[in-house]
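In full-length UniProt numbering, the protein residues as written are 1 to 673.
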C-alpha cells in the first residue's frame with residue numbers, strides 16, 4: 001500500500017505546483033519508500049502525488065499517478081484490489097487497452113470508465129483509498145473502502161480541496177490551520193478516537209468507511225455511501241427455511257469456511273515476501289492454517305511479549321501454532337523502557353490521538369516483521385466484532401435482558417428519580433460513575449450499548465470538561481451545509497454520534513436483534529476509526545502492509561445474517577466461528593481462554609512512568625485553554641495510585657490528547673519522554 005495526496009484548485013488555474021505536491025507527498029515517505037511520482041494537469045488546477053510501496057506489479061509501468069488511454073481519467077491509489085485479475089479479463093473483453101502487466105490500479109481506471117463509480121465500487125473487493133479525476137466533467141472523487149481499512153483525509157484550504165492518506169501531508173499545505181477542534185475532542189474522550197468525518201484538527205476531515213466524496217468543477221462537495229455493513233445481503237431466507245438445527249449449523253459453518261478460505265487466498269496475492277502476526281488465538285491461528293494451505297514454503301510468523309509481565313504473554317500458544325504449521329517463527333520481548341523510547345514516534349505517526357495502548361506492541365511486532373524482510377502481513381482484526389468475541393458483548397446482552405429491560409418498565413418518574421440519586425451518589429463514590437451512567441441512560445430512553453470501547457461516559461465527562469470553553473462550531477459550517485457532517489455532532493453529548501448510526505438502522509431493520517445492532521455500531525465507529533486506524537498508522541510507519549481477511553466483504557455480509565444465538569450459543573463466544581475452524585487448528589487454541597492484545601499500562605502508570613505522564617498532562621499547553629477541570633484529573637491519578645480504581649484508560653486517553661496537542665499544535669515535542 002502507499003501514500004497518496006491531491007490538490008484540486010477548482011476554477012483557479014496555475015495554483016498547483018510541483019513543489020507544493022512534493023512537499024505534501026514526501027511527508028509520507030514511510031508509506032512508500034520505493035518511489036515518488038506526481039502529475040499536474042495542463043491547467044495546473046489539479047495535481048496528484050504518490051509514494052509507492054511496491055507490492056503488485058513491481059515494474060515502473062505500474063507507477064502512479066496513472067491515467068487511462070487518452071489521459072481523460074487520472075488516479076492516485078492506496079491499497080489492493082484482490083479481485084483485479086477477473087475484472088481485468090472483463091474489461092479487456094470490453095475493449096479496454098492495458099499498458100501494465102497486472103497492475104490493480106489500472107483496473108480501477110478502466111473499471112470507472114466502463115461502469116461508473118458506483119458500478120466499480122460494487123464490483124471490487126479490496127482495501128483501498130483513492131482520488132480519481134475525471135477531465136470530462138472536471139470533477140474529483142475521493143473514495144474510502146467498504147469497511148474502512150484504509151483512511152483518507154481531506155480539507156479545503158484557501159479555496160483548494162486537498163486530500164491525503166495522512167493528516168501530516170495536509171498540514172504541509174501553507175494554508176492549513178493547526179488548531180484543535182474542541183467538538184471532536186469531546187467525542188474522542190468518549191470513544192478513544194474521533195468519529196468520522198471529524199478529526200482532532202480544526203478544518204481537517206476524514207471520509208467515513210464505505211463512503212466517497214464528489215467535488216465538482218465549482219467546488220461543490222457531496223458525500224455518498226456506497227456500502228453499509230448491515231443484514232440482508234449475505235443469506236437469502238429460502239436458504240435456511242425449514243432446516244433442522246444440525247443442518248442450520250452445517251450451513252453456517254460451511255458458509256464461513258468457504259468465505260474465509262477465499263478471503264485468505266485472495267490476500268496472498270503479492271509479488272513481495274509476506275507473513276502473518278500470530279498470537280496463538282483463534283483468529284491469527286486460523287490465518288496461519290489457511291495461508292499454509294496455499295503455499296509450499298514455510299510461513300513467517302511474528303509474535304510479541306513483555307519481559308516483566310509474563311501473565312500477559314501468549315508466546316506459549318503462538319509456539320503451539322507455529323510448530324503445528326511448521327512456520328519460521330519470530331518473537332520479540334519489550335519492556336517499559338522500550339515503550340518510553342517509542343512514545344514520540346507514536347504521537348508523530350498517529351497524526352491524531354488514538355487512545356489504544358495496543359499501538360505499542362503493534363509497533364514492535366510490525367518492526368520485527370519488516371526487519372525480517374516482510375512487506376505484507378495478514379492480521380486478525382474484525383473477527384471479534386463479527387462473531388461476538390468480546391466478553392463485554394455478552395455482558396451487555398445479559399445486563400440488557402436482566403436489568404435494563406425491567407428497569408425501563410418502571411414509571412418514568414421513578415426512573416428519573418433513581419437516575420438522579422445514582423448520579424449524585426457517584427460524585428461521592430467515583431467508582432460508581434459507570435453504573436450511574438447506565439441508570440441515567442435507561443431513564444433518558446437512550447441506547448444501552450454505544451461502542452465496545454468507551455472511556456468517559458457522559459456522567460464522567462460532565463465532571464471533566466468545561467463545556468462553556470468549547471467555543472463556536474462555526475468552522476464546520478461548510479461541511480454541515482454540504483451534508484458531509486451531521487450538525488448534531490456539534491454538541492458535547494456523544495449520544496448524538498451513536499444515535500446517528502442506530503436511528504436509520506432501526507428504521508430500516510426494525511426487527512434486528514440487539515447483537516446485530518451492536519455490531520453495526522462497531523462497524524461504523526470503533527472498527528474503522530480505532531482498530532483499523534491503529535493497524536494502518538502503525539504498520540505503515542515501518543512500510544509494512546497489513547491485510548485483514550476477516551473483513552472480506554463477502555464474509556462480513558454472510559456473518560451479518562447469522563442470528564446472535566449462533567454467535568454466542570450456550571454462552572460460548574464465537575460459537576459458530578469456533579465450529580467452523582475445528583479441524584483446521586488445534587482445539588487447545590480454539591477453546592482456550594481469550595487474552596487479547598494489550599500492554600501492562602495499569603502497572604506502568606503506577607510507577608515512575610505515571611509520574612512522567614502526570615507532569616506531561618498537567619503541564620500541557622492544552623490545559624491552559626481552560627477546557628478541563630483540573631481537580632478531576634488530579635483525582636484520576638490519586639485513585640489509580642491508591643488502587644481505589646483502575647484509571648489507566650482515562651489517564652492514557654488524556655495523555656495521548658495532551659501529548660498530541662503539545663507536539664502538533666504548539667509545535668514542540670510532548671513532555672515527559
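C-beta: ideal position from N, C-alpha, C; glycine also.
From a predicted model like this one, the values you see are computed outputs, not experimental measurements.
* Asked: Which first and last residues belong to the alpha helix (DSSP H) in which residue 134 is found?
  -> Walking along the chain shown from the start, residue 134 turns up at place 134. Counting along the chain, residue 134 falls outside any alpha helix (DSSP H), though it belongs to the beta strand (DSSP E) covering 126–134.
* From which residue to which residue does the alpha helix (DSSP H) around residue 240 run? -> Here residue 240 corresponds to residue number 240 of the chain shown, with the count starting at 1. Where residue 240 is concerned, the enclosing alpha helix (DSSP H) stretches over 237–240.
* Beta-carbon proximity check, residue 299 vs residue 534, cutoff 8 Å -> Numbered from its first residue, the chain shown carries residue 299 at position 299. Numbered from its first residue, the chain shown carries residue 534 at position 534. For residue 299 and residue 534, no; Cβs fall outside 8 Å.
* Asked: When burial is assigned at 16 or more other CB atoms within 10 Å of the CB, is residue 122 buried or exposed?
  -> The sequence position of residue 122 within the chain shown is 122, counting from 1. That one is exposed.
* State the CB to CB distance for the pair residue 601 and residue 357, rounded to an integer number of angstroms; the pair is presumed to be in contact (CB under 8 Å). => Position 601 of the chain shown, counted from the first residue, corresponds to residue 601. Position 357 of the chain shown, counted from the first residue, corresponds to residue 357. Indeed they touch by this definition, with Cβ atoms about 5 Å apart.
* Assign residue 396 to one of three DSSP states: helix, strand, or coil. => By one-based count along the chain shown, residue 396 stands at place 396. Per DSSP, reduced to three states, the secondary structure at residue 396 is helical.
* Asked: Can you tell which of 195, 567, 153, 196 has its C-alpha closest to the C-alpha of residue 176?
  -> Here residue 176 corresponds to residue number 176 of the chain shown, with the count starting at 1. Minimum Cα distance to residue 176 is reached at 153.
* Nearest-angstrom Cα distance between residue 79 and residue 129? -> If you number the chain shown from 1, residue 79 lands on position 79. If you number the chain shown from 1, residue 129 lands on position 129. Going by the C-alpha atoms only, they are around 6 Å apart.
* Asked: Whose C-beta lies closer than 7 Å to the C-beta of residue 653 among residues of the same chain, with five residues either side of it excluded?
  -> As a first step, residue 653 must be located in the chain shown, where it is residue number 653. So the qualifying residues of the chain are 189, 192, 355, 455.
* To do: With DSSP collapsed to three states, give me the class of residue 475.
  => Against the chain shown, residue 475 aligns to sequence position 475. The three-state secondary structure of residue 475, taken from DSSP, is helix.
* Euclidean distance between Cα positions of residue 638 and residue 655 -> Numbered from 1 along the chain shown, position 638 holds the residue referred to as residue 638. Numbered from 1 along the chain shown, position 655 holds the residue referred to as residue 655. Between residue 638 and residue 655, the C-alpha separation is close to 16 Å.
* Asked: So, residue 276 versus residue 301, is the Cβ gap smaller than 8 Å?
  -> In the chain shown, counting from the first residue as 1, residue 276 sits at position 276. In the chain shown, counting from the first residue as 1, residue 301 sits at position 301. Pairing residue 276 with residue 301 gives a Cβ-Cβ distance under 8 Å.
* Asked: Do residue 251 and residue 258 have their CB atoms nearer than 8 Å?
  -> As a working mapping, residue 251 is identified with position 251 in the chain shown. As a working mapping, residue 258 is identified with position 258 in the chain shown. Cβ atoms of residue 251 and residue 258: not closer than 8 Å.
* C-beta atoms of residue 500 and residue 486 nearer than 8 Å -> Translated into positions along the chain shown, residue 500 becomes position 500. Translated into positions along the chain shown, residue 486 becomes position 486. Yes. Within cutoff.
* Rounded to whole angstroms, what's the CA-CA distance from residue 47 to residue 170? Just pull it up for me. => One-based indexing of the chain shown puts residue 47 at position 47. One-based indexing of the chain shown puts residue 170 at position 170. Approximately 14 Å, taken between the alpha carbons.
* Excluding five sequence neighbours on each side, which residues of the same chain lie with their C-beta closer than 8 Å to the C-beta of residue 522? -> Working through the chain shown from its first residue, we reach residue 522 at position 522. 385, 451, 452, listed in sequence order.
* Asked: Out of 63, 163, 514, which has the shortest C-alpha to C-alpha gap to residue 708?
  -> Outside the displayed range of the chain (1 to 673) lies residue 708, so it cannot be described from this structure.
* Would the region 536–548 and the region 362–376 be scored as touching if the rule is three or more Cβ pairs under 8 Å? -> Judged by Cβ distances under 8 Å, the region 536–548 makes contact with the region 362–376, as three or more pairs qualify.
* Which word fits residue 434, buried or exposed, when buried means at least 16 other C-beta atoms lie within 10 angstroms of its C-beta? -> Counting from 1 along the chain shown, the entry for residue 434 is found at position 434. Counting Cβ neighbours within 10 Å, residue 434 comes out exposed, since fewer than 16 surround it.
* **residue 686 versus residue 382 - alpha carbon distance** => The question about residue 686 has no answer, for the chain in this structure spans 1 to 673.
* Asked: Alpha carbon to alpha carbon, what distance is there between residue 124 and residue 253?
  -> For this step, residue 253 is matched to residue 253 along the chain shown. For this step, residue 124 is matched to residue 124 along the chain shown. Near 25 Å, if we compare the C-alpha coordinates of residue 124 and residue 253.
* Should residue 336 be labelled buried (16 or more other beta-carbon atoms within 10 Å of its own) or exposed? -> On the chain shown, position 336 is the one that residue 336 refers to. Buried, because 16 or more other Cβ atoms sit within 10 Å of the Cβ of residue 336.
* Beta-carbon contacts of residue 40 that lie in its chain and below 6 Å, excluding the five residues immediately before and after -> Working through the chain shown from its first residue, we reach residue 40 at position 40. Contacts found: 16, 47.
* C-alpha distance - residue 265 paired with residue 387, whole-angstrom precision -> In the chain shown, residue 265 corresponds to position 265, counting from 1. In the chain shown, residue 387 corresponds to position 387, counting from 1. Cα to Cα, residue 265 sits roughly 21 Å from residue 387.
* Asked: Given a threshold of 16 other Cβ atoms within 10 Å of its Cβ, counted over all protein chains shown, does residue 648 qualify as buried or as exposed?
  -> On the chain shown, position 648 is the one that residue 648 refers to. Buried.
* To do: Check whether the region 372–379 touches the region 609–621, counting contact only when three or more Cβ pairs, one atom from each stretch, lie closer than 8 Å.
  => Counting Cβ pairs under 8 Å, fewer than three are found: no touch.
* **Rounded separation between residue 673 and residue 352 - CA only** => The count along the chain shown starts at 1 and reaches residue 673 at position 673. The count along the chain shown starts at 1 and reaches residue 352 at position 352. Confidence is the limiting factor: at residue 673 the pLDDT is only 30, short of 50, which leaves the residue's position unreliable and the question unanswerable from this model.
* **residue 406 (DSSP reduced to helix, strand or coil)** => By 1-based counting over the chain shown, the position of residue 406 is 406. If DSSP states are grouped into helix, strand and coil, residue 406 belongs with the helices.
* Could you tell me whether the region 154–173 touches the region 20–37, where touching means 3 or more Cβ pairs closer than 8 Å? => With the cut-off at 8 Å, the region 154–173 and the region 20–37 touch.
* **Selection from 589, 393, 667 that minimises the alpha carbon distance to residue 621** => For the purposes of this step, residue 621 is taken as the residue at position 621 of the chain shown. Closest option to residue 621, Cα to Cα, is 667.
* Selection from 168, 100, 409 that minimises the alpha carbon distance to residue 445 -> Counting from one through the chain shown, the residue named residue 445 turns up at place 445. Here the closest residue by C-alpha is 409.
* Whole-angstrom distance between residue 566 and residue 594, CA atom to CA atom -> Numbered from its first residue, the chain shown carries residue 594 at position 594. Numbered from its first residue, the chain shown carries residue 566 at position 566. Straight-line Cα distance between these residues: approximately 19 Å.
* Out of curiosity, what's the CA-to-CA distance linking residue 83 and residue 149? -> Reading the chain shown from its first residue, position 83 is the one you call residue 83. Reading the chain shown from its first residue, position 149 is the one you call residue 149. If you take the alpha carbons of residue 83 and residue 149, they lie about 16 Å apart.
* To do: Report all residues from its chain with a CB closer than 7 Å to the CB of residue 225; omit the five preceding and five following residues, and keep chain order.
  => As a working mapping, residue 225 is identified with position 225 in the chain shown. If we look at residue 225 and ignore the five residues flanking it on each side, its Cβ neighbours are 210, 211.
* **Neighbourhood of residue 155 by C-beta, 6 Å cutoff - its chain only, sequence neighbours within 5 removed** => Residue 155 sits at position 155 when you count from the first residue of the chain shown. Result list for residue 155: 162, 170, 203, 204, in chain order.
* **Pairwise C-alpha distance: residue 646 and residue 625** => Here residue 625 refers to the residue found at position 625 of the chain shown. Here residue 646 refers to the residue found at position 646 of the chain shown. Each residue's alpha carbon lies about 27 Å from the other.
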